Each structure stands twice: as structure tokens, then as C-alpha cells.
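In this text, residue positions in the sequence shown follow the numbering used here: the first is 16, and each later residue adds one.
Written below as C-alpha cells is the structure these notes are about.
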Amino acid sequence: MNSETVVSVLCGLAILVGVAGTIIPILPGSFLIGLSLVAWAIWGGAGTTGWVVFAVGMVFVLAGMAASAVLTGRKLRQHSIPSRSVVIGLAAGVACMFVIPVVGLFVGFAAGLLLSEFARTRNFGTATSTSWAALKATGLGMLVEFGLACLAASTWVIGLWVAAAT
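Okay, here's the thing in C-alpha cells:
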């Protein structure tokens, strides 16, 4: 097995982890995809194809990161949800991840967000509606970033096929 093959396999695995990281916040996401694309362009032996794949893939990666931040941030501002509540939700999610296997991250995030909003608003109905809005906004941002990360990964796969054919 030559070095280009090893680089391609490692970059492919890193891209898979990056795509999963757009949904599972404890894994590196789009940033890892971008690093993998540039590593493949440099050391993957694909030449010009590698750099074209890097450029197109990075457009998808950057668009996903920006769309996720903009969509989520805009919805959170519309509902006057402070970033403190989201940070508390993330911390509770990470803590619950070790207590409840598989779904602890998501359960903990929702519970931490709800408790933080309840402490802020002192009204359970308001806390429920703002938490639900934050969960939908976060989910929408994750979904858009995941879709664009999948497009970046698909770009790499197509580039891999083109490089192998030439």
C-alpha cells in the first residue's frame, strides 16, 4: 500500500467522523472535514483534482458552518434566548452523556436548556416555549450543516473516483 492510499483512507475516515460531528457535538465536525480535504489535496496524490475537490468541498463546509450559525443565532435572538441557556444546555448534555448511554447528550441538552430558561423566566410555560424554539433552531442549524457536510464528503468521493480513474 502506497502513501497516497494511506492518506486517502485516513482522510476518508476523518471525513466520516466530521460528518458525524455535525450531529454529535462532542465530535469535531465541519472543521475536521476541511482539514481532511486540505490534507488530501496536499498528500493524496490527486494533483489538480485534489485542489479542485478542496475548493468545492470548502465552499460546502464554510456554507454549512455559516448557515448553522446564522440560522441558529437569528432564531435565538427572535425569541430573546441568551447564549447562557444554550451553554448550560450543552454542559448538561455532556454530563448526561456519561449517565445515559446513546441519548444522554440530547436528553441532557433539552433538560439543561429547559431548567436554565425556567430559572431565567420563572414561568414554566414561557420556559417551555423558549426552550422548544431553541431546540428547533439548534436542530435546523445542525440539519443544514449536516446536509452541506454530506455534500462536501460526496465531493471528496467523486474526486477520489476521478483521481483513481486518471
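Every residue, glycine too, gets a C-beta built ideally from N, C-alpha and C.
These numbers were taken from a predicted model, which means no experiment stands behind them.
Beta-carbon gap between residue i and residue j smaller than 9 Å
i	j	result
residue 127	residue 108	yes
residue 96	residue 145	yes
residue 88	residue 51	no
residue 30	residue 171	yes
residue 45	residue 152	no
residue 81	residue 177	no
residue 48	residue 71	no
residue 132	residue 83	no
residue 174	residue 74	no
residue 55	residue 21	no
residue 181	residue 37	no
Check: residue i C-beta below 8 Å from any heavy atom of the ligand MG
i	result
residue 67	In terms of ligand content, the structure shown is empty, and the ligand MG therefore cannot be addressed.
Spatially closest choice to residue i from the options, by CA coordinates
i	options	result
residue 41	56, 90, 117, 72	117
residue 135	122, 110, 160, 99	99
residue 19	37, 123, 43, 57	57
residue 43	24, 76, 154	76
residue 101	113, 114, 119, 130	130
residue 124	154, 32, 16	154
residue 94	150, 119, 121	150
Whole-Å CB distance - residue i paired with residue j, under 8 Å assumed
i	j	result
residue 90	residue 148	6 Å
residue 78	residue 163	5 Å
residue 86	residue 156	5 Å
Endpoints, alpha helix (DSSP H) assigned at residue i
i	result
residue 48	45 to 58
residue 91	63 to 93
residue 137	Counting along the chain, residue 137 falls outside any alpha helix (DSSP H), and DSSP gives it neither H nor E.
residue 109	98 to 114
residue 28	18 to 36
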